[in-house]
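As they're listed, the protein sequences go chains G and U.
Take my numbering: the last position of the first sequence gets the number 128, and nothing is skipped along the way.
Take my numbering: the last position of the second sequence gets the number 137, and nothing is skipped along the way.
Structure first, then comments.
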Amino acid sequence: MLSKRHVAAEEEIGIDLAPMLDFVLNLLIFFIITTSFVREPGITVAKAQAETAGALENANILIAIRGNGEIWMDRHQVDIREVRAIVERLHIERPDDMVVVVADKTAKTGILGKVMDEVKAGGIKDVAIGAAGPAGK
Amino acid sequence: MRLRRHFHSEEQTGIDLAPMLDFVMNLLIFFIITAVFSKELSLAVNRPGASTGQSAGSDTGSIAVAIRADGEVWVDQRTVDIRAVRANIERLHAIKPEWGVMVIADEAADAGVLVTVVDQIKQGGVDNITFGTASLKK
């Protein structure tokens, strides 16, 4: 009898985890809802500033063009001819996603135009040019 | 004593939440790490009929803006300073409110100039911007 009472007392000491679980589950749900799974290009480029640049919904596929003409998407350097196939695959996975082509200030518009054409050929009609915000945001 | 034992047995039937909490915590950490809160800022522009190379909108015209390889900007067949693009677009937009803007950039022009020009056009009140590339001659 004495040992049984001892066990009962030990159980009383443990913290009730149910309220904590509720709290953590709420946090989890919040993060699941707000997560957007952006396809980062994997590099940073010096974007030109624009006053009218706005954040677009579903701007989840980013393609970066470096000053030397290298194209990066999904953390890999890709050839211009690969862009179309990758965009096609991503478009099938998530049809609502749109593409932002982020070009370096010193990148050539010829490459920018070609990349935008490849994206369109890949099936995504909404293409925008990336820019930095007014205060360099 | 009987009452106490009854209370004790009720506690035993409750599910142990600790493993579930561990699991949920791990999920939470995963989502916190993968969450990206920074939205990419961008300017929406159209591309002309791409591979077919047809001009945008045959029934309505468009204001022509050209960017040369050296960064020189031409609006409506006159060279203008890059900071004056906005004023020129405002004027032309007032004359032809239904017209869009066609930006034709030389393939060797810098993308930075293009973004600045598109920004100026948007500030001038025109949102229907088409961006085409070509090799412009002297």
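Just so it is clear, CB atoms sit at the ideal spot from N, CA and C, and this is done for glycine as well.
- With respect to U:I66, U:V102 sits close: the two C-beta atoms are nearer than 8 angstroms.
- Excluding the 5 residues flanking it on each side, U:E106 has same chain C-beta neighbours closer than 6 angstroms at T132 and S134, in chain order.
- DSSP places U:A93 in the helix class (H, G or I) of the three-state scheme.
- Taking a contact as a CB-CB distance under 8 angstroms, the pair G:E79 and G:G104 does not count as one, their CB atoms being some 19 angstroms apart.
- Of the residues assessed, G:H67 falls on the exposed side of the cut-off, its CB having fewer than 16 other CB atoms within 10 angstroms.
- The three-state secondary structure of U:N25, taken from DSSP, is helix.
- Under the DSSP definition of a beta bridge, G:I71 lacks any partner.
- Note: G:M64 is bridge-paired with G:I54 and G:H67 in the DSSP secondary-structure output.
- With contacts defined by Cβ atoms closer than 8 angstroms, G:I56 and G:D95 form a contacting pair.
- Going by beta carbons, G:I54 and G:V36 fall outside the 8 angstroms limit.
- Between U:A110 and U:A68, the gap from beta carbon to beta carbon reaches 8 angstroms or more.
- Across the set G:F28, G:I77 and G:A98, the C-alpha of G:A98 shows the shortest separation from the C-alpha of G:I120.
- Spanning the alpha carbons of G:I102 and G:G33 requires a straight line of approximately 19 angstroms.
- By the beta-carbon neighbour count (other beta carbons within 10 angstroms, threshold 16), U:I128 is buried.
- By a beta-carbon distance limit of 8 angstroms, G:T43 does not contact U:A104. Their separation comes to about 18 angstroms.
- By the Cβ neighbour-count rule, U:K95 is exposed, with fewer than 16 other Cβ atoms within 10 Å of its own.
- Chain-ordered, the chain U residues with CB closer than 8 angstroms to the CB of G:A50 read K38, E39 and S41.
- Rounded to whole angstroms, the separation of the alpha carbons of U:F130 and G:S27 is 29 angstroms.
- Neighbours of U:I31 in chain G, taken as residues whose beta carbon is under 8 angstroms from its own, are F22 in chain order.
- CA-CA distance, U:F29 to U:V35, rounds to 12 angstroms.
- Going by DSSP, U:V64 is part of the beta strand (DSSP E) stretching over S61 to I66.
- Considering only beta carbons, the part of the segment 64 to 91 of chain U lying closer than 8 angstroms to chain G consists of I66, in chain order.
- Cβ contact annotation for U:V112 (same chain, cutoff 6 angstroms, sequence separation greater than five): I66 and G70, in chain order.
- Only those residues of the segment 63 to 97 of chain G whose C-beta falls short of 8 angstroms from the nearest C-beta of chain U are listed: V91, V93, A94, D95, K96 and T97.
- In the three-state DSSP reduction, U:I14 falls in the coil class, being neither helix nor strand.
- For G:D87, the three-state secondary structure derived from DSSP is coil.
- At a cut-off of 8 angstroms between C-beta atoms, U:F22 does not count as an interface residue with respect to chain G.
- By the Cβ neighbour-count rule, U:Q76 is exposed, with fewer than 16 other Cβ atoms within 10 Å of its own.
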